[in-house]
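Input: a single structure, listed below in structure tokens.
Number of protein chains: 2
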Amino acid sequence: MDNFQFKVEPFSEDVTGHLSWGVLGNQLLRVANLSASKHDFGFSNVAESHYAWVLSRLIIEVGDMPQTGADYSINTWVSRVYRQFTDRLFSLTNAAGEPFGYAHSIWALIDLETRQPADIEHMADSAIAKAAEPYTIPISSVSRVKVAQTEPVRILKAAYGDLDINGHVNSIRYLQATLDTLYDCFAAALNYERHRVRRVEISYSKELYFGDNLFFYAQQEDELTYAVEIKTDQNVVATKVKVFFEPVCK
Amino acid sequence: MDNFQFKVEPFSEDVTGHLSWGVLGNQLLRVANLSASKHDFGFSNVAESHYAWVLSRLIIEVGDMPQTGADYSINTWVSRVYRQFTDRLFSLTNAAGEPFGYAHSIWALIDLETRQPADIEHMADSAIAKAAEPYTIPISSVSRVKVAQTEPVRILKAAYGDLDINGHVNSIRYLQATLDTLYDCFAAALNYERHRVRRVEISYSKELYFGDNLFFYAQQEDELTYAVEIKTDQNVVATKVKVFFEPVCK
Chain A
187 MDNFQFKVEP FSEDVTGHLS WGVLGNQLLR VANLSASKHD FGFSNVAESH
237 YAWVLSRLII EVGDMPQTGA DYSINTWVSR VYRQFTDRLF SLTNAAGEPF
287 GYAHSIWALI DLETRQPADI EHMADSAIAK AAEPYTIPIS SVSRVKVAQT
337 EPVRILKAAY GDLDINGHVN SIRYLQATLD TLYDCFAAAL NYERHRVRRV
387 EISYSKELYF GDNLFFYAQQ EDELTYAVEI KTDQNVVATK VKVFFEPVCK
Chain B
187 MDNFQFKVEP FSEDVTGHLS WGVLGNQLLR VANLSASKHD FGFSNVAESH
237 YAWVLSRLII EVGDMPQTGA DYSINTWVSR VYRQFTDRLF SLTNAAGEPF
287 GYAHSIWALI DLETRQPADI EHMADSAIAK AAEPYTIPIS SVSRVKVAQT
337 EPVRILKAAY GDLDINGHVN SIRYLQATLD TLYDCFAAAL NYERHRVRRV
387 EISYSKELYF GDNLFFYAQQ EDELTYAVEI KTDQNVVATK VKVFFEPVCK
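Chains A and B supply the protein sequences, listed in that same order. Sequential numbering of the first sequence, starting at 187, is according to the numbering used here. Sequential numbering of the second sequence, starting at 187, is according to the numbering used here.
In structure tokens, the structure reads:
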């Protein structure tokens, strides 16, 4: 298990003064790579064999997000290697060392020439299999997302600032844009001062590029749960996001 | 002069692999407050007297932006106190200690009850006047922005993720949204792989809030210079931005 220390930097919190979901999401991806590199299977390690890690699922569940100036840690480890996938888990601890959240990511290793996923489970002499540690986390796995809406609530054109260094729309940008969309389109029911995000589930199917249009189809599943499908202009699902809110007690 | 150390964090660069303008802009605001607090006139110090610092102008000029993993420093100091304003300057240095950019910010101190700016120059026993250091930087001051276009090229609705802890659209968000708009709307002339940003000038007039519509009026001034006015739905200018690009030599 690897540990990384952070602080909620002033001028980077969300409007409520807490660590923002966008900052946290990008930090999870960063420590995933730092931890993998430490065990010799990071992005640059696998690139030597013409492979790349691709994020398939990301679930984040958080209780009390730390506030401006607070210290926190992200702990991360690979828990499992199975078929074409690997599970990387995270626990988030506050300055007192108490857990305030968990995350579960699922990654595939893609052959950059054939674009096919590698059979990680049966790779010989695998650094990743050696690194696996069997610790679990107390959050449930991804649930089903099916959006029946036929009219998009928002269309977003992928812009310069949405892109990561590979020219794809940044994985966490889908989450940020989904939260912006929900707090806007369901404003009568959802207000960021009274409803905070408790859990997000993101499923990635297709990478999008500069200038692509992202069509957001959204629906309320129950009082505090919303499902979003982000589709291309060919009506192909690129990303699905489910967001679970909870009331803020003041 | 106060010095703050940074690193270009992987998973936070722009699509070209350089420190992004959004990250840099927010770091400038953060070190401005850290430096001011060190000299007893930060946001929390002036809040005790029911004042708040308001950013009026920001000019940033950069040569070679550092790339993924590189260390860099931001040095900052107050250079001048005059009438209702104060100038805070910045120099940016790379890992070798060589300057790669500069920034010039202008701030007013607003009385939170009357909403009027204070006469900083004539305040008795002023911590800020004592802190001033006369070092200058080699970049020119703000130029005139006048956009004749009558049709907006983009309308953006201020969303949850655009807001700072005070509920205003984040000062740097105007810059990010302007760069996204220019690289999109002038795509035939501007391409982020061939044209990088060399200098930005931002003038802030009016704060905007959740749900406000931002109307972007943009025009090309010469081959590599673009002017943008961001207006409210009442046709009032909230922010003006001028962006100077330069060709990327590969």
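Note that the Cβ used here is the ideal one computed from N, Cα and C, for glycine as well.
Enclosing alpha helix (DSSP H) for residue 358(A) [first to last residue]: 357-371
Classification of residue 361(A) by the beta-carbon crowding that lies within 10 angstroms, buried from 16 upward: buried
Residue 351(A) at chain B interface by Cβ criterion, 8 Å: yes
Sub-8 Å separation of residue 347(A) and residue 365(B) beta-carbons: yes
Element boundaries [beta strand (DSSP E), containing residue 440(A)]: The displayed coordinates of chain A run from 187 to 436. Any statement about residue 440(A) would go beyond what the structure contains.
Which residues DSSP lists as bridging residue 287(B), in chain order: 248(B), 278(B)
8 Å Cβ cutoff met for residue 264(B) and residue 250(B): no
Collapsed DSSP secondary structure at residue 394(B) in the structure displayed: coil
Closer than 8 Å to chain A by CB, residue 432(B): no
Residues bridged to residue 238(A) [DSSP beta-bridge criterion]: 296(A)
Straight-line gap, residue 412(A) to residue 429(A) (C-alpha atoms, nearest Å): 5 Å
Contact set between residue 224(B) and chain A, taken where Cβ atoms lie within less than 7 Å: Those do not exist, as residue 224(B) stays about 14 Å from chain A at its closest Cβ, beyond 7 Å.
Residue 345(A) classed as buried or exposed, judged by whether at least 16 other C-beta atoms fall within 10 angstroms: buried
Beta-carbon contacts of residue 367(B) that lie in its chain and below 6 Å, excluding the five residues immediately before and after: 340, 402
Interface residues of chain A facing residue 216(B) [CB-CB closer than 9 Å]: 195, 196, 197, 198
Proximity below 8 Å, CB of residue 405(A) to CB of residue 328(A): no
CA-to-CA distance, residue 432(B) to residue 391(B), given in whole angstroms: 28 Å
Range covered by the beta strand (DSSP E) that runs through residue 302(B): Counting along the chain, residue 302(B) falls outside any beta strand (DSSP E), and DSSP gives it neither H nor E.
Partner residues on chain A for residue 366(B), Cβ-Cβ distance less than 7 Å: 345, 346, 347
CB contact flag (residue 241(A), residue 326(A), <8 Å): no
Residue nearest to residue 285(B) in terms of C-alpha spacing, selected from 276(B), 426(B), 292(B), 213(B): 276(B)
Residue 269(A) and residue 297(A) closer than 8 Å at C-beta: no
Cβ neighbour criterion (16 or more within 10 Å) applied to residue 194(B): buried
Closer than 8 Å to chain B by CB, residue 201(A): yes
Backbone CA spacing between residue 254(B) and residue 342(A) [nearest angstrom]: 28 Å
C-alpha distance - residue 316(A) paired with residue 227(A), whole-angstrom precision: 11 Å
Rounded straight-line distance, which links the Cα of residue 199(A) to that of residue 192(A): 13 Å
Minimum Cβ-Cβ distance from residue 362(A) to chain D less than 8 Å: The displayed structure is made up of protein chains A and B, and chain D is not among them.
Short CB-CB distance (under 8 Å) between residue 419(A) and chain B: no
Residue-chain proximity (residue 378(A), chain B), Cβ-Cβ < 8 Å: yes
Buried or exposed (CB count within 10 angstroms, at least 16 for buried), residue 336(A): exposed
Buried versus exposed, by CB contacts within 10 Å (16 or more), residue 352(A): exposed
Coarse secondary structure for residue 265(A), derived from DSSP in three states: strand
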